[in-house]
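Reviewing the structure listed below.
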Amino acid sequence: MSAVLEQVARPKPTDVASAAAWDLAATVVDPEVPVLTIADLGVLRSVVVDEAPAGSRIVVEITPTYSGCPAVDAIRDDIRSVLSAAGYADVDVHTVLSPAWTTDWMSDEGRQKLAAYGIAPPTGTRPAGPVSLGLGIRCPQCGSLHTRQLSRFGSTSCKALYVCQRCQEPFDYFKDH
Amino acid sequence: MPHGNGAPTDASLATTVTPELVAERLATGVPAPSPAVAEYALGLGDDALILSQRLGAWISRAPEIEEDIALGNIALDLIGHARSFLTYAGSAWGKSEDDLAYFRDEPEWRCVQLMELPNDDFAHTIVRQLAVSFSQYELYTRLSASSDPMLAAIAGKAVKEVDYHRDHGAQWMLRLAQGTDESRRRVEVAMTDVWPYVDELFRDEAFPDSLEGIGVRPSTLRDAFDAGVSAVLERVELTIPQGFIARGGGRRGVHSGTFGVLLAEMQVLARSHPGATW
Numbered sequence: 002m003s004a005v006l007e008q009v010a011r012p013k014p015t016d017v018a019s020a021a022a023w024d025l026a027a028t029v030v031d032p033e034v035p036v037l038t039i040a041d042l043g044v045l046r047s048v049v050v051d052e053a054p055a056g057s058r059i060v061v062e063i064t065p066t067y068s069g070c071p072a073v074d075a076i077r078d079d080i081r082s083v084l085s086a087a088g089y090a091d092v093d094v095h096t097v098l099s100p101a102w103t104t105d106w107m108s109d110e111g112r113q114k115l116a117a118y119g120i121a122p123p124t125g126t127r128p129a130g131p132v133s134l135g136l137g138i139r140c141p142q143c144g145s146l147h148t149r150q151l152s153r154f155g156s157t158s159c160k161a162l163y164v165c166q167r168c169q170e171p172f173d174y175f176k177d178h
Numbered sequence: 002m003p004h005g006n007g008a009p010t011d012a013s014l015a016t017t018v019t020p021e022l023v024a025e026r027l028a029t030g031v032p033a034p035s036p037a038v039a040e041y042a043l044g045l046g047d048d049a050l051i052l053s054q055r056l057g058a059w060i061s062r063a064p065e066i067e068e069d070i071a072l073g074n075i076a077l078d079l080i081g082h083a084r085s086f087l088t089y090a091g092s093a094w095g096k097s098e099d100d101l102a103y104f105r106d107e108p109e110w111r112c113v114q115l116m117e118l119p120n121d122d123f124a125h126t127i128v129r130q131l132a133v134s135f136s137q138y139e140l141y142t143r144l145s146a147s148s149d150p151m152l153a154a155i156a157g158k159a160v161k162e163v164d165y166h167r168d169h170g171a172q173w174m175l176r177l178a179q180g181t182d183e184s185r186r187r188v189e190v191a192m193t194d195v196w197p198y199v200d201e202l203f204r205d206e207a208f209p210d211s212l213e214g215i216g217v218r219p220s221t222l223r224d225a226f227d228a229g230v231s232a233v234l235e236r237v238e239l240t241i242p243q244g245f246i247a248r249g250g251g252r253r254g255v256h257s258g259t260f261g262v263l264l265a266e267m268q269v270l271a272r273s274h275p276g277a278t279w
């Protein structure tokens, strides 16, 4: 991942107080894919700690992966919980829609964790045109590219369902978006 | 439709569209959208919410389990779009997304009638999905360049999701039209039944000149829509049905026969137990 894209994907604040709070918020995981943190995903968009009084007030912005994603509410609660436990008295979490989230923001580390967890990471290529054809998706179990799409829609908005033709295992694929 | 709580201090209006933000806008006296913009957002939000409600009824009844999931996923995306549009629209009138979803009667709804048509068989649902997803794709692509930052942000997010819905609709059209004699027959019947309602998507009746550059004039989307849909239909030797056009009127609050039943089912819990959360 290029340094420029990395900066867009994970805009960690530069002031010390906000950066410390960012690191805390960044530990919150996606409830649907618990190996990924919201920082890995690029869902954490900004953390701002007010200077007075003594960093007690904090505003966090997150962006939904999909407009209707119900995980947003759980993530919001988890951020509040983590930051409250660390002593921040007044935690606001709100949602931003622009710029729209993209799987391009998923960190390299996140992609590796996803594959190790058994979910094929996004390939970074989006099919185009009214009737599209995507690239082969690699089986996270055996590594074969001989896989078949079972369903374009999966257990959550962000995933599709595949099956490996070699090892016969079904698996989730984190859709390019 | 759960609400967040707490009021953010950073009201970056260009990028945020949340119930919290709307509350803050009203509290700090930031002007809400003009009535015309609010009405426009209401129409788009109602389209998304009512189609979502219809699609949700397929869950557990689709021809295969993957389709249960697919239609449920599409419905979920549409709920997301509806929440954003209704929250924005409601800020003009001091109403929440839930006020608008659960406490409006039939004549107050602004969805086009295509969205509220009964699901009928799977072919009818797929034909409607083809029409809606291709039209929403053209609409949201253009709306993402709106001079209204909130409408642009909602549309910019939605268009990526609708692109996937478009693909789903197109793939199923090809499969049904080239499947068995029965699937072909059903698709042809569905085209004849559903297409008269497509025209309403492209009428300018609810689009005042004051919205130019803010919204997208519906009639200007028609050519791109027809071209996109025709490219799919030509592959399986189907054509856009000509002739009968339904009267429409959804944007004025005129709805079709089964809409009241849909509303009753969608609203009964909130109306029976005002203030309940779940």
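Residue numbers (my numbering), protein chains in the order written: chain A, 2 to 178; chain B, 2 to 279. Just so it is clear, CB atoms sit at the ideal spot from N, CA and C, and this is done for glycine as well.
Where the alpha helix (DSSP H) containing residue i begins and where it ends
i, result
"B/R84", "66 to 91"
"B/F226", "223 to 236"
"A/S1", "Residue 1 of chain A lies beyond the stretch modelled for chain A, which goes from 2 to 178, so this question has no answer here."
"B/P150", "150 to 178"
"A/I104", "One point to set straight first is that residue 104 of chain A is Thr, not Ile, in the sequence displayed. Taken as a continuous stretch (DSSP letters only), A/T104 belongs to no alpha helix (DSSP H), as it is neither H nor E."
"A/E7", "4 to 10"
"B/I51", "36 to 57"
"B/I127", "123 to 144"
"B/R272", "260 to 273"
"A/E62", "Looking at the DSSP string, A/E62 is not in any alpha helix (DSSP H); the run it does join, the beta strand (DSSP E), is 58 to 63."
"A/D24", "17 to 26"
"B/Y103", "98 to 103"
"B/E117", "114 to 117"
"A/G39", "Note that residue 39 of chain A is Ile in the sequence shown, not Gly. Looking at the DSSP string, the run of the alpha helix (DSSP H) that includes A/I39 is 39 to 42."
Whole-Å CB distance - residue i paired with residue j, under 8 Å assumed
i, j, result
"A/T15", "A/L42", "Actually they do not touch by this definition, with Cβ atoms about 22 Å apart."
"A/A116", "A/I138", "No, A/A116 and A/I138 are not in contact; Cβ-Cβ is about 11 Å, not under 8 Å."
"B/A76", "B/S97", "Actually they do not touch by this definition, with Cβ atoms about 21 Å apart."
"A/I76", "A/V29", "6 Å"
"B/G44", "B/R252", "6 Å"
"A/L25", "A/A87", "5 Å"
"A/C165", "A/Q142", "6 Å"
"B/D69", "B/I80", "In fact, because the Cβ distance is near 16 Å, the residues do not count as touching under 8 Å."
"A/R112", "A/S145", "That belief does not hold up - the Cβ atoms of A/R112 and A/S145 are roughly 18 Å apart, past 8 Å."
"B/E162", "B/D78", "4 Å"
"A/A22", "A/L84", "7 Å"
"A/P71", "A/R46", "Going by Cβ atoms, the distance from A/P71 to A/R46 rounds to 19 Å, so no, they are not a contact pair."
"A/Y163", "A/R153", "That belief does not hold up - the Cβ atoms of A/Y163 and A/R153 are roughly 10 Å apart, past 8 Å."
Proximity test, Cβ basis, 9 Å: residue i and chain E
i, result
"A/A101", "Chain labels in this structure do not include chain E; the protein chains are A and B."
Contact set for residue i: own chain, Cβ-Cβ below 6 Å, skip 5 residues either direction
i, result
"B/I51", "C112, M116, E117"
"A/W102", "T64, T66"
"B/L270", "none"
"B/E238", "none"
"A/V73", "P65"
"B/V230", "F135"
"A/V61", "A26, V48, I80, V94"
"B/W110", "D47"
Element boundaries [beta strand (DSSP E), containing residue i]
i, result
"A/P211", "No information on residue 211 of chain A is available, as it lies outside the stretch 2 to 178 that chain A covers here."
"A/R149", "148 to 152"
"A/A161", "160 to 165"
"A/T96", "91 to 96"
"B/I215", "From DSSP, B/I215 is part of no beta strand (DSSP E); its letter is neither H nor E."
"B/R186", "Taken as a continuous stretch (DSSP letters only), B/R186 belongs to no beta strand (DSSP E), being part of the alpha helix (DSSP H) at 182 to 195."
"A/L45", "45 to 50"
Close-in-space but distant-in-sequence residues of the same chain around residue i (CB under 7 Å, 5 per side omitted)
i, result
"B/T193", "P242"
"A/D109", "M2"
"B/R223", "F203"
"B/D149", "V38, I215"
"A/T38", "A27, T28, V29, V30"
Nonlocal neighbours in the same chain, by C-beta distance under 8 Å from residue i, ignoring five residues either side
i, result
"B/A93", "A33, P34, S35, P36, V38, A39"
"B/S211", "S35, A37"
"B/T16", "Annotation note: pLDDT 41 at B/T16 (below 50); position unreliable, coordinate value reported separately. If we look at B/T16 and ignore the five residues flanking it on each side, its Cβ neighbours are P150, A154."
Inset, instruction - Kindly confirm or deny that the stretch 176 to 191 of chain B and the stretch 246 to 259 of chain B touch, where touching means at least three C-beta pairs closer than 8 Å. - result: no
Inset, instruction - For the stretch 93 to 123 of chain B, enumerate the residues whose C-beta is nearer than 8 Å to any C-beta of chain A, in chain order. - result: Residues of the stretch 93 to 123 of chain B with a Cβ closer than 8 Å to any Cβ of chain A: none.
Legend entry - Residues of the stretch 143 to 159 of chain B with Cβ closer than 7 Å to any Cβ of chain A, in chain order: A154, I155, G157, K158, A159
Legend entry - Three or more C-beta pairs below 8 Å linking the stretch 137 to 145 of chain B and the stretch 59 to 78 of chain B: Verdict: no, contact absent.
Inset, instruction - With 9 Å as the C-beta to C-beta threshold (strictly closer), list the residues of the stretch 75 to 94 of chain B near chain A in chain order. - result: I75, A76, L77, D78, L79, I80, G81, H82, A83, R84, S85
Inset, instruction - Decide if the stretch 148 to 166 of chain B is in contact with the stretch 204 to 217 of chain B; the criterion is three or more beta carbon pairs, one per stretch, under 8 Å apart. - result: yes
Inset, instruction - With 7 Å as the limit, tell me which residues of the stretch 57 to 77 of chain B have their beta carbon closer than that to any beta carbon of chain A; keep them in chain order. - result: Within the stretch 57 to 77 of chain B, the residues whose Cβ lies closer than 7 Å to some Cβ of chain A are E67, I70, A71, N74, L77, listed in chain order.
Legend entry - Residues from the stretch 164 to 178 of chain B in contact with chain A, defined by Cβ distance under 9 Å: Result list: D164, Y165, R167, D168, H169, A171, Q172, L175.
Inset, instruction - Could you name the residues of the stretch 79 to 103 of chain A whose beta carbon sits closer than 9 Å to any beta carbon of chain B, in the order they occur along the chain? - result: R81, D91, V92, D93, V94, H95, T96, V97, L98, S99, P100, A101, W102, T103
Legend entry - Contact the stretch 144 to 151 of chain B vs the stretch 117 to 134 of chain B: 3+ CB pairs below 8 Å: no
Legend entry - Near-chain A residues of the stretch 234 to 250 of chain B (beta-carbon distance less than 7 Å), N- to C-terminal order: So the list is empty, because no residue satisfies the distance condition.
Legend entry - Near-chain B residues of the stretch 150 to 174 of chain A - C-beta to any C-beta below 9 Å: L151, S152, R153, F154, G155, S156, T157, S158, L162
Legend entry - Residues in the stretch 63 to 77 of chain A having any Cβ partner in chain B nearer than 8 Å: P65, Y67, S68, G69, C70, P71, D74, R77
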